[in-house]
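What follows is one structure encoded as structure tokens, with my remarks underneath.
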Amino acid sequence: MKQLPPPIRRIALDEPPTIVAPPEPEGNGATTHVRRSAAGPVRMSLEHLGVAYGRTPAVKDVSMEIRQGEVLALIGPSGCGKTTLLRTLNRLTELTPTARRSGRILLDGDDVDDMEVTTLRRRVAMVFQQPNPFPMSIFDNVAYALREQASRRPRRSVLEPVVEEALRRAGLWDEVAADLDRPALRLSGGQQQRLCIARAIAGRPQVLLMDEPCSALDPRSTATIEELIAELRLDLAVVIVTHNLQQALRVGDKVAFMYLGDLVEYGDARDVFSAPRAQRTRDYVHGAFG
Amino acid sequence: MATLGLRAPRRSRHESLSSWRIRDRIGLALCWLAGLTLCAVAGAIVLYMAVRGVQFLRPELLFTAPQATLDQSKSGGFLDPIIGTLLLTVIGIAIATPLGVCTAVWMVEYGRPRWLARMVETGIEVVAGTPDIVIAIFGLALFQQGIFSWLSFTSADGAVFGRSFLTAGAAMSLIALPMVFGATREALEAMPRQLREASYALGKTQAATIRSVLVPAARPSISTGAVLGMGRIVGDTAVVVVLLGASLRVDPTGAIPGVDVLRGTGGTLTSYVYNNSPAGEGGAPEKAYAAAFVLLLIVLALNASVELISRRAGGGVLGLGRS
Numbered sequence: 256m257k258q259l260p261p262p263i264r265r266i267a268l269d270e271p272p273t274i275v276a277p278p279e280p281e282g283n284g285a286t287t288h289v290r291r292s293a294a295g296p297v298r299m300s301l302e303h304l305g306v307a308y309g310r311t312p313a314v315k316d317v318s319m320e321i322r323q324g325e326v327l328a329l330i331g332p333s334g335c336g337k338t339t340l341l342r343t344l345n346r347l348t349e350l351t352p353t354a355r356r357s358g359r360i361l362l363d364g365d366d367v368d369d370m371e372v373t374t375l376r377r378r379v380a381m382v383f384q385q386p387n388p389f390p391m392s393i394f395d396n397v398a399y400a401l402r403e404q405a406s407r408r409p410r411r412s413v414l415e416p417v418v419e420e421a422l423r424r425a426g427l428w429d430e431v432a433a434d435l436d437r438p439a440l441r442l443s444g445g446q447q448q449r450l451c452i453a454r455a456i457a458g459r460p461q462v463l464l465m466d467e468p469c470s471a472l473d474p475r476s477t478a479t480i481e482e483l484i485a486e487l488r489l490d491l492a493v494v495i496v497t498h499n500l501q502q503a504l505r506v507g508d509k510v511a512f513m514y515l516g517d518l519v520e521y522g523d524a525r526d527v528f529s530a531p532r533a534q535r536t537r538d539y540v541h542g543a544f545g
Numbered sequence: 025m026a027t028l029g030l031r032a033p034r035r036s037r038h039e040s041l042s043s044w045r046i047r048d049r050i051g052l053a054l055c056w057l058a059g060l061t062l063c064a065v066a067g068a069i070v071l072y073m074a075v076r077g078v079q080f081l082r083p084e085l086l087f088t089a090p091q092a093t094l095d096q097s098k099s100g101g102f103l104d105p106i107i108g109t110l111l112l113t114v115i116g117i118a119i120a121t122p123l124g125v126c127t128a129v130w131m132v133e134y135g136r137p138r139w140l141a142r143m144v145e146t147g148i149e150v151v152a153g154t155p156d157i158v159i160a161i162f163g164l165a166l167f168q169q170g171i172f173s174w175l176s177f178t179s180a181d182g183a184v185f186g187r188s189f190l191t192a193g194a195a196m197s198l199i200a201l202p203m204v205f206g207a208t209r210e211a212l213e214a215m216p217r218q219l220r221e222a223s224y225a226l227g228k229t230q231a232a233t234i235r236s237v238l239v240p241a242a243r244p245s246i247s248t249g250a251v252l253g254m255g256r257i258v259g260d261t262a263v264v265v266v267l268l269g270a271s272l273r274v275d276p277t278g279a280i281p282g283v284d285v286l287r288g289t290g291g292t293l294t295s296y297v298y299n300n301s302p303a304g305e306g307g308a309p310e311k312a313y314a315a316a317f318v319l320l321l322i323v324l325a326l327n328a329s330v331e332l333i334s335r336r337a338g339g340g341v342l343g344l345g346r347s
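Protein chains in written order, with the working numbering: chain A, 256 to 545; chain B, 25 to 347.
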């Protein structure tokens, strides 16, 4: 096997060994983190996907499938193209004037380029790294996602049950039910992020993209959101970018390791962590470079 | 005692003035002097006008219409100028706000082609820098054209008068426009990219994003800009003299109720003050003082409301950048 780049820099993980040796699958029921995949139909397929900013390639020739019922965790060092890949799936990279894309992305068999971009983004929703609720009430944040292009219809009374359901699925309902008219920006960071998840799933998307959704949050909010992801994957396909390897192992059914724009390794989460095939993956999951 | 305890570390943090060069020390003294002088001047204006105002202002002046007579006991109050000020401000800001907001939205959210955006920006800078008397004269030349005859009075021989609340309001909107535009533009530019992306990621169009997210979030800034613009309109005299006729009373034109007032001429508090002051016809300086005091109160109230708007918005919308 080809020897690949020497460690760029060492990072000191607090508890690195637990990454390498995943807990026993038959282990104690309280740690439900490692689960059996409930893989459903293929929702998205990427065919020879490449993205470049100007002349700098960010993602090179990536092909893979994203299934419903599965959480795909994208891992890799900073600047390896994870976020770019994620943002390409709902064509958000098109907002960057210099970005160029090659290859095909299919959503339920249809080329996303043939779709109206607004339709695509309603079917492939996204949660960002920084919680970014709109400066309006909690209710309006979710309702905005549901209403047709900023129209005032349907009315509040019609939307109320749908908004409630979205907030319940995002695990936020009990905390905000008393006052849905509170400004969303008054919520805590963790609550804001769950509101953003509620907003994203309110329109029943088929795929949910999450760009390091917990990186701005404390451990407790992180745990809440990870549990949420585990539940959400039953109804939709989840793609999550994470810097946190433990998180990738906890929430991911499949793991894709990217390095300098290449998809180096892709497979079941436990296999990638316990028996990585590529040297670069081995170095990375062992904390040799970050 | 406590102050001594507090002052000690401050001293040690800041270098002592004696180490400054003499020129810098003089400069610092001048800065202090400038600030204090400004406070003193502002205080003097308010105090002087307050004393004069209280001395001459009678409640009936606010509610009686002025009469054209040399006998000051019969010349009435300044009800009409107050109405004129309010009317002109409402017309001016009603034109300036949508115009300023739309221009700012286009500049920040579209701004293509670049040369056009630069031209628009220059245009607004020119408008902001043009003396109000020049805007007024230009307005008069423009509104005396035949196609604008519906805005004002037309004489029997067909000459368009060009002076009315509508034409003066249109000119006033140019005076308020830069304030509304500047405030809106600044607010939109300060909004984080993530906010726009959040909306696009929900499948919203750019138009929907602007209408439902960006402009509502900019509302406190827009209000601030609009109130500042209103202050400019309330205080302007040149446009009133040239384009409103600066007549003593609101003088309707035509037969349609309501519209006749808008097409007619009138005056404002500023023109009333000018006409009654020793600099104008000099008829009634006491009434000029009283009216000037009312004018000052209106401007101070507008400034206070700017403060109020920005303070109330502090917790909510301006918290955007903090996320």
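For glycine and all other residues, C-beta sits at the position ideal for the given N, C-alpha and C.
When Cβ pairs closer than 8 Å are counted between the two stretches, the region 81-95 of chain B is seen to touch the region 270-286 of chain B, the count reaching three or more.
Taking Phe512/A as the centre and dropping the five residues before and after it, the same chain places the C-beta of Ile330, Gly331, Val519, Glu520, Thr536 closer than 6 Å to its C-beta, in chain order.
As the crow flies, the alpha-carbon of Pro531/A is around 18 Å from that of Val317/A.
Val237/B has a beta carbon lying within less than 8 Å of a beta carbon in chain A. When the beta-carbon positions are compared, Ala250/B and Val204/B come within less than 8 Å of each other.
Two segments are said to touch when three or more pairs of C-beta atoms, one from each, lie closer than 8 Å; by this definition the region 299-308 of chain A touches the region 352-366 of chain A. Residue burial is scored here from C-beta neighbours: Gln447/A has at least 16 other C-beta atoms within 10 angstroms and is therefore classed as buried. Under the 10 Å beta carbon count, Ser236/B is surrounded by 16 or more other beta carbons and is classified as buried. The alpha helix (DSSP H) runs of length 4 or more contained entirely in the region 247-319 of chain B are, from start to end of the chain, 283-287, 293-300.
Taking a cut-off of 8 Å for Cβ pairs, the region 285-305 of chain B and the region 179-193 of chain B touch, as three or more such pairs fall below it. Your pair Leu472/A and Pro390/A does not check out as a contact, with CB atoms roughly 20 Å apart and the cut at 8 Å.
Those residues of the region 471-504 of chain A placed with their C-beta closer than 8 Å to a C-beta in chain B do not exist. Taking Glu467/A as reference, the option from Leu500/A, Ala453/A, Ala307/A with the minimal CA-CA separation is Leu500/A. The beta-bridge partner set that DSSP reports for Gly51/B is empty. What Gly135/B touches in chain A, judged by beta-carbon distance under 9 Å, is nothing: the nearest beta carbon there is about 13 Å away. Among the CB atoms of chain B, none fall inside 8 Å of the CB of Arg449/A. C-alpha of Val125/B to C-alpha of Ser329/B: approximately 20 Å in a straight line. Under the 8 Å Cβ criterion, the region 219-228 of chain B does not count as touching the region 168-182 of chain B, having fewer than three qualifying pairs. In this structure, Gly445/A sits near Thr479/A, with a CB-CB distance shorter than 8 Å. Residues of chain B whose Cβ lies closer than 9 Å to the Cβ of Phe383/A are, in chain order, Gln218, Glu221, Ala222, Ala225. Boundaries of the beta strand (DSSP E) around Arg298/A: 297-308. At a cut-off of 8 Å, the C-beta of Pro122/B has no neighbouring C-beta in chain A.
The C-alpha of Ser301/B lies about 38 Å from the C-alpha of Pro244/B.
Listed in chain order, the positions of the region 236-260 of chain B with a beta carbon within less than 9 Å of a beta carbon of chain A are Ser236, Val237, Pro240, Ala241. Judged by their CB atoms, Val266/B and Leu164/B are nearer to each other than the 8 Å cut-off. Distance from the CA of Glu210/B to the CA of Thr351/A, rounded to the nearest whole angstrom, comes to 22 Å.
For a Cβ distance threshold of 7 Å, residue set Thr373, Gln404 of chain A lies close to Thr229/B, ordered along the chain. In the DSSP assignment, Ile106/B falls within the unbroken alpha helix (DSSP H) covering 103-129. Take the alpha-carbon of Ser412/A and the one of Leu401/A: they are about 13 Å apart. Three or more beta-carbon pairs separated by less than 8 Å link the region 446-463 of chain A to the region 416-430 of chain A, which places the two stretches in contact.
With 16 or more other CB atoms across the displayed protein chains lying within 10 angstroms of its CB, Leu375/A is buried. Using a 10 angstroms sphere on the CB of Leu332/B, the tally of other CB atoms stays under 16, which defines it as exposed.
Between the region 55-73 of chain B and the region 315-329 of chain B there are three or more C-beta pairs closer than 8 Å, enough to call the two in contact. Beyond the five residues adjoining it in sequence on each side, Ala232/B comes within less than 8 Å, by CB distance, of Ser223 in the same chain, given in chain order.
The continuous stretches of alpha helix (DSSP H) do not include Ile234/B, and DSSP gives it neither H nor E.
At least one CB of chain B lies nearer than 8 Å to the CB of Met391/A.
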